[in-house]
Structures are given as structure tokens and as C-alpha cells.
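For reference, the structure discussed in these notes is given below.
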Amino acid sequence: MGTEIRGWRVWQLQDKRLTSVTVDSVVYEPRQATRAECMFPLGSYLPVLRRTGATFHRAPSERCTCGVYAMRSLERLLREFRVSDAGSNLVVGEIKLWGRVIVSAAGFRAEFGYPSQLYVRDPAAQQLLGVYGVPVVVAASLFGWKARQVVEALPTATPEMLEHFRPLRGNILNEVEHRIQGHRGRIKALEAEIDRCENWIAVLKQALS
Ligand SMILES: [Zn+2]
1331 MGTEIRGWRV
1341 WQLQDKRLTS
1351 VTVDSVVYEP
1361 RQATRAECMF
1371 PLGSYLPVLR
1381 RTGATFHRAP
1391 SERCTCGVYA
1401 MRSLERLLRE
1411 FRVSDAGSNL
1421 VVGEIKLWGR
1431 VIVSAAGFRA
1441 EFGYPSQLYV
1451 RDPAAQQLLG
1461 VYGVPVVVAA
1471 SLFGWKARQV
1481 VEALPTATPE
1491 MLEHFRPLRG
1501 NILNEVEHRI
1511 QGHRGRIKAL
1521 EAEIDRCENW
1531 IAVLKQALS
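Quick note: to get the numbering used here, add 1330 to the position in the sequence shown (first position is 1).
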């Protein structure tokens, strides 16, 4: 068993159970690890598998698309999955991943997963999800806001808005840090460019004098 990893994903709330957004029949049962199964027997990934030469295997595989999916960060999840546009039965959450885990730039495909914290739009959903035995937070703001938008709104945020953003705070910090790093990188590149230009000016001045 590999090291435990945490990622972010969305589920649907259907019949008091968390289910996959893309495959309705994949249910995350309460108090029970969800183990990924390769969809190969269903044939839905057959073209991909033919191309890669993969055979039926323990999920996930490098050469397949199977696994419990999760994004690297909430910010990334919100950016790539339009939570605000999706149905009201949507649940956002942090998920523990373990077993075999395949890492990509965007996130993870894991052999096992279980939610560690859930975020819902309304108190009714919070009630229903109690059976999972993990914290369930009502965070309506999460479904209308993206971390990036929050960062942009922060300078003008009212105390009420800040209270709404509280569940997002770790991700807001990540987003701000990410931006600062981006700016630092750009400043470095610009400084290098200025140095190059100055060198050229010096060379040209000498050549033309
Ligand atoms: Zn597979």
C-alpha cells in the first residue's frame, strides 16, 4: 500500500449515496473504501485499450483510464469543473486516496478512495450525508464562487462574504501563493530580458562609435 494522498473531486448525491458524476452506477458506500475497477469488461474503453495494448488489470493502470479520480487542489477542481453550472445534487469534497496511485499534473487516479470532508449547498444534503461519518460543511459559496474569483473579490469583500469564504481559505491561500509565484517568474524573465537588451545596447554602442 502506498502513501495516503488527498485530492478533490465532485460527486452526485443520489438516493442518500455519493455516486460518480460520470458513471451513475459507481456508488461510494458509507464507511467503506471505494475500490476502483477497470471498466474494460464493459467495453466502454475498448478503443483506448486496443490502441494501448492494455489487458484487463488491477486498477488503475498507466495505460488505461480507470481509477478513482481526484484533482490536485480544490482551486483546480473548481477551475476545470464548472460546479456553479451543475445540478443542485452536486457534492464537492476532499478524498483520501491510497493503494496504487497514478499521479498526473492535474491530479490522481487511485486504487482506493474515501471522502474525508464534504461540502454541500444546503443543510438537507448535510443531513443525508451524515452516514459517511466525515465532516459535512454547508458551503453555498463554493457552488457559486471559484477560488480565483474569491481572490479577485477579496479586496472588496464584506465581513459576510469573508465568512462565506471560510471553507475555502486554504485554497485561497494556495491561489494567492500561486499567483505570487507566477508574478515572480514573470519578473525574473523580464529582468533577464532587460539584461539582454542592455548588453545589446552596449555592444551596438561600441560597434557604432
Ligand atoms: Zn483499466
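Glycine residues also receive a C-beta, built at the ideal position from the N, C-alpha and C atoms.
Sub-8 Å separation of residue i and residue j beta-carbons
i, j, result
"V1461", "P1390", "no"
"G1423", "R1339", "yes"
"A1470", "R1451", "yes"
"S1446", "V1464", "yes"
"N1529", "L1404", "no"
"Y1444", "A1363", "yes"
Burial state of residue i, where buried means 16 or more other Cβ atoms lie within 10 Å
i, result
"S1374", "Any reading at S1374 must be qualified, since the residue scores a pLDDT of 48, below 50, and its modelled position is unreliable; no value is offered."
"L1503", "exposed"
"W1341", "buried"
"P1489", "exposed"
"V1431", "buried"
"K1426", "buried"
C-beta neighbour in chain C for residue i, strict 8 Å
i, result
"V1398", "Any reference to chain C falls outside this structure, which holds one protein chain only."
Helix, strand or coil at residue i [DSSP, three-state]
i, result
"A1363", "coil"
"V1533", "helix"
"K1518", "helix"
"R1526", "helix"
"E1334", "coil"
"G1423", "strand"
Whole beta strand (DSSP E) runs in the region 1430-1456 with 3 or more residues, listed along the chain? 1437-1450
So, do the region 1389-1405 and the region 1453-1460 have three or more beta carbon pairs nearer to each other than 8 Å? no
Does the region 1435-1451 come close enough to the region 1390-1406 that 3 or more CB-CB pairs lie under 8 Å? yes
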